[in-house]
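All residue numbers for the sequence shown refer to the working numbering, where the first residue is 10 and numbers rise by one. Encoded as structure tokens, the structure appears first; notes follow it.
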Amino acid sequence: IPEDAGVGLTNQQTIAVNPNTLAATRPGVFAAGDSVSGTAFVIEAVASGHDAAHSIIRYLEGEALEPAPKPELPVVNLSQREIEERIARG
10 IPEDAGVGLT NQQTIAVNPN TLAATRPGVF AAGDSVSGTA FVIEAVASGH DAAHSIIRYL
70 EGEALEPAPK PELPVVNLSQ REIEERIARG
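Shown next, in the form of structure tokens:
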């Protein structure tokens, strides 16, 4: 990556991005896959590309880049006996 590209680099010489949005240090530039993580599994690179695409859409539509926080799922604490009773009831 040329020095005059205007994007920050990590110590590993990959593109520095916000890990939540995959936005690079230069406005309007996004990066994903091996250019961010270095060599990785293909499925991780594809998933990263999907995440970057969602950020790009938000950027182009003028929305906040940070995705809305995911709601926390409720946790139900059951004893072993309660679990077994629920399983028995179907």
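Cβ coordinates follow ideal geometry from the N, Cα and C atoms, glycine included. Please read all numbers here as calculations on a predicted model, not as lab measurements.
Taking residue i and residue j to be in contact with their CB atoms under 8 Å, please state how far apart those CB atoms are, rounded to whole angstroms.
| i | j | result |
| --- | --- | --- |
| residue 42 | residue 57 | 5 Å |
| residue 162 | residue 39 | Any property of residue 162 remains undetermined from this structure, which presents the chain solely from 10 to 99. |
Quick check on residue i: does DSSP put it in helix, strand or coil?
| i | result |
| --- | --- |
| residue 1 | Nothing about residue 1 can be read from this structure; the chain reaches only from 10 to 99. |
| residue 41 | coil |
| residue 51 | helix |
| residue 24 | strand |
| residue 82 | coil |
| residue 32 | strand |
| residue 18 | strand |
Is it buried or exposed, residue i, if we count other Cβ atoms within 10 angstroms and call 16 or more buried?
| i | result |
| --- | --- |
| residue 69 | exposed |
| residue 61 | buried |
| residue 30 | buried |
| residue 64 | buried |
| residue 24 | buried |
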